[in-house]
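Numbers 5 to 473, taken from this note's numbering, label the letters of the sequence shown in order.
Glycine is no exception: its CB is placed at the ideal position from the N, C-alpha and C atoms.
It should be emphasised that the depicted structure is a prediction, and the values quoted were computed from it without experimental measurement.
Below is one structure, written out as structure tokens, with a few remarks after it.
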Amino acid sequence: MGRKRKPRFETQVAITGIAEKGRGVGRSAEGGVIFVENVAPGDIVDVVITKKKSDYMHGTPVKFHHYSEDRVEPFCAHYEICGGCQWQHITYEAQLLHKENIVRNAMQRIAKTEIGEFFPILPAPDTRYYRNKLEFAFSNRRWLTTEQLADKSLPLLDDVLGFHKAGGFDKIINIDHCWLEPEPSNAIRNGLREIGIRQGLSFYDPRAYKGFLRQVMIRVSSIGETLVLMSFGEDDPEKRKNYLDEALERFPQITTLIYCVNTKVNDFILDLPMETYAGKGFIEEQIGHVRFRIGPKSFFQTNSRQGERLYSIAAGFAGLDGSQNVYDLYTGVGSIALYLARDCRRVTGIEEIAAAIEDARENARLNQIDNCDFYAGDVKDILTEEFAEKHGKPDVVVTDPPRAGMHPDVVRLFLRLEAPKIVYVSCNPATQARDLHLLDEKYRVEKLQPVDMFPHTQHIEAVALLVKR
Ligand SMILES: C[S@@+](CC[C@H](N)C(=O)[O-])C[C@H]1O[C@@H](n2cnc3c(N)ncnc32)[C@H](O)[C@@H]1O
5 MGRKRKPRFE TQVAITGIAE KGRGVGRSAE GGVIFVENVA PGDIVDVVIT KKKSDYMHGT
65 PVKFHHYSED RVEPFCAHYE ICGGCQWQHI TYEAQLLHKE NIVRNAMQRI AKTEIGEFFP
125 ILPAPDTRYY RNKLEFAFSN RRWLTTEQLA DKSLPLLDDV LGFHKAGGFD KIINIDHCWL
185 EPEPSNAIRN GLREIGIRQG LSFYDPRAYK GFLRQVMIRV SSIGETLVLM SFGEDDPEKR
245 KNYLDEALER FPQITTLIYC VNTKVNDFIL DLPMETYAGK GFIEEQIGHV RFRIGPKSFF
305 QTNSRQGERL YSIAAGFAGL DGSQNVYDLY TGVGSIALYL ARDCRRVTGI EEIAAAIEDA
365 RENARLNQID NCDFYAGDVK DILTEEFAEK HGKPDVVVTD PPRAGMHPDV VRLFLRLEAP
425 KIVYVSCNPA TQARDLHLLD EKYRVEKLQP VDMFPHTQHI EAVALLVKR
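Next comes the structure, spelled out in structure tokens:
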């Protein structure tokens, strides 16, 4: 039998920042980076090292010498294990400061370019109930903490509906109340669980890959509409009808009920056919002067109120006077394109999800906007020099790529297209900074505005205005 290694400790570690997953950042006596669980910037702690890599370590605190002034009591009962709002234990003001610093650091370390005006981060107008969409998973086994496991009165096997524990495909935490999405979200989720139990339906077994009730997405809109998308793990029309009918009867707030049948081993449902069981099959949302139709497969900003402010910053940076030809890349359901349409000559939107492009065209009709064209496909394939010849060279390019940022071919094309202005909206400062670095030879960053769309999480949005040198 091998001998157990002695645990390694680091003492008096000052936590100076906060990183992904809410971990604090400190340094060992030799200067190595340590990511520490359950601490806040400003804490001074002794740490036991739980993982050691060549360039960083992970640790958990064993003794606190000083508690940070920025600490607050988390308000959610699920905070410790859910992993959804990892920054709830620090004040909102401190969260904002750390987010702004993350953007600043990314610009210094990766973009390595001068920023004309770096504006202070824009706080979210609501720090609770700010999301318009949440997804929950059904499971036949409840995830329990060590303390809950010690409580023998709690059942190990239990039908639950909630979130995946961070990093666990088969670990589902039952959620009673989530502070992220306004009502009727909590009522519907809890009701759907109750109906499933009462009707004796099987909750999904993530290890055996079977079970009837699998996932649910609940989307609410500020104009009072609610979309529920159920994913069933088995195709049983009778059981499905009974379940959906009872859900509709119990929750008249559901304006549209959609379902799909997912018998695959993975949870991805965007490639599956969607059936509208009740209502119009989409939800409507108002952002500023534009009304949007959002289908079950389309991306839409999950914080509508802050989304409107984000678009208004993008519009301000674009500085339109009615004469410009604008491209809106990664357009989703045409959101930014339609928001800008009244202030420019023409807008061309490109998005890879064909269903979102259908929504974008429908959204243009709905809002009587007739100066927009939308194309479905990968930006790197659709946006070529020939495309720009055909649609006219852009005066302003708005780009809002996913977390991975832009494909290098797209960046190279930007350098050839030489649009006078680029407005770069990003949900990942690291990839935005990488792309700004690549564009640096022809573009200077005139303005940069970080925006907090997701309080209590590490996510940050930032809008950059690039002007041709
Ligand atoms: C961050 S969202 C932005 C959506 C939109 N601008 C908005 O504000 O709602 C990124 C969008 O890019 C789309 N997308 C991802 N990769 C793409 C690609 N290679 N080509 C085109 N669209 C892509 C996604 O489907 C998603 O709708």
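Check, Outcome
"Less than 8 angstroms between the CB atoms is what I'm expecting for residue 249 and residue 201, so what's the real figure, rounded?", "About 17 angstroms separates the two Cβ atoms, so there is no contact after all."
"To which residues of the same chain is residue 463 closer than 7 angstroms at the C-beta, ignoring the five residues directly before and after it?", "431 and 457"
"Could you tell me whether the Cβ atoms of residue 206 and residue 289 are closer together than 8 angstroms?", "no"
"Assuming residue 395 and residue 352 are in contact, meaning their beta carbons sit under 8 angstroms apart, how far apart are those beta carbons, in whole angstroms?", "5 angstroms"
"Going straight from the alpha carbon of residue 461 to that of residue 128, what length do you get?", "12 angstroms"
"State yes or no: is the C-beta of residue 405 nearer than 7 angstroms to some heavy atom of ligand 1?", "yes"
"Return yes when at least one heavy atom of ligand 1 lies under 7 angstroms from the C-beta of residue 305, else no.", "yes"
"How close, in whole Å, do the beta carbons of residue 423 and residue 400 come, if the pair is a contact with beta carbons under 8 angstroms?", "6 angstroms"
"Quick check on residue 395: does DSSP put it in helix, strand or coil?", "helix"
"Is residue 302 close to chain C, meaning its C-beta is less than 8 angstroms from at least one C-beta of that chain?", "The displayed structure is made up of one protein chain only, and chain C is not part of it."
"Can you tell me where the alpha helix (DSSP H) holding residue 417 begins and where it ends?", "412–421"
"Do you know how far the Cα of residue 183 is from the Cα of residue 133?", "5 angstroms"
"For residue 471, tell me which candidate among 274, 444 and 455 has the shortest Cα-Cα distance.", "444"
"Taking DSSP's pairing of strands, which residues face residue 1 in a bridge?", "Because the chain is modelled from 5 through 473, residue 1 falls outside the range shown and cannot be assessed."
"Below 8 angstroms on the Cβ atoms is my contact criterion, and I expect residue 165 with residue 196 to pass it. Report the Cβ-Cβ distance as a whole number of Å.", "6 angstroms"
"Run the proximity test for residue 189: is its beta-carbon closer than 7 angstroms to any non-hydrogen atom belonging to ligand 1?", "no"
"By how many angstroms is the C-alpha of residue 70 removed from the C-alpha of residue 313?", "38 angstroms"
"Roughly how far, in whole angstroms, is the beta-carbon of residue 169 from the beta-carbon of residue 177, given that I think they are within contact range, below 8 angstroms?", "6 angstroms"
"Mind reading off the beta-carbon distance from residue 234 to residue 263? Whole number of angstroms is fine, and I expect it under 8 angstroms.", "4 angstroms"
"With three or more C-beta pairs closer than 8 angstroms as the rule, is the segment 91–101 touching the segment 70–81?", "yes"
"Take residue 190 as the anchor and find which of 167, 296 and 14 has the nearest alpha-carbon.", "167"
"When we look at the beta-carbon of residue 426 and count the other beta-carbons within 10 Å, is it buried (16 or more) or exposed?", "buried"
"Comparing C-alpha positions only, which one of 79, 112, 221 and 122 sits nearest to residue 142?", "221"
"Can you find a heavy atom of ligand 1 that lies under 7 angstroms from the Cβ of residue 339?", "yes"
"So, at 8 angstroms on beta carbons, what are the nonlocal neighbours of residue 236 in its own chain, with the 5 sequence-adjacent residues on each side left out?", "216, 217, 218, 244, 263, 264, 265 and 266"
"Taking all protein chains shown into account, decide if residue 492 is buried (16 or more other Cβ within 10 angstroms of its Cβ) or exposed.", "Not covered by the structure: residue 492. The range shown for the chain is 5 to 473."
"Shorter than 7 angstroms, the distance from the beta carbon of residue 301 to the closest heavy atom of ligand 1, or not?", "no"
"For the alpha helix (DSSP H) containing residue 454, list its first residue and its last residue.", "That residue, residue 454, is in no alpha helix (DSSP H); its beta strand (DSSP E) goes 447–455."
"Check whether the segment 8–24 touches the segment 49–67, taking contact to mean three or more Cβ pairs, one atom from each stretch, closer than 8 angstroms.", "yes"
"In the DSSP assignment, find the unbroken beta strand (DSSP E) run with residue 461 in it and report its ends.", "Unbroken run through residue 461: none, as it is neither H nor E."
"Can you tell me which residues form a DSSP beta bridge with residue 150?", "According to DSSP, residue 150 bridges with nothing at all."
"Specify, as a first and last residue, the run of the alpha helix (DSSP H) that residue 137 falls within.", "Not the alpha helix (DSSP H): residue 137 falls in the beta strand (DSSP E), residues 137–145."
"Would you call the segment 296–309 and the segment 320–332 in contact, with 3 or more CB pairs under 8 angstroms?", "no"
"Name the residue from 333, 371 and 282 whose alpha carbon lies nearest to the alpha carbon of residue 387.", "333"
"Between the Cα of residue 306 and the Cα atoms of 327, 280, 282 and 339, which residue gives the shortest distance?", "339"
"Starting from the N-terminal side, write out each stretch of the beta strand (DSSP E) that is 3 residues or longer and does not extend beyond the segment 303–339.", "329–333"
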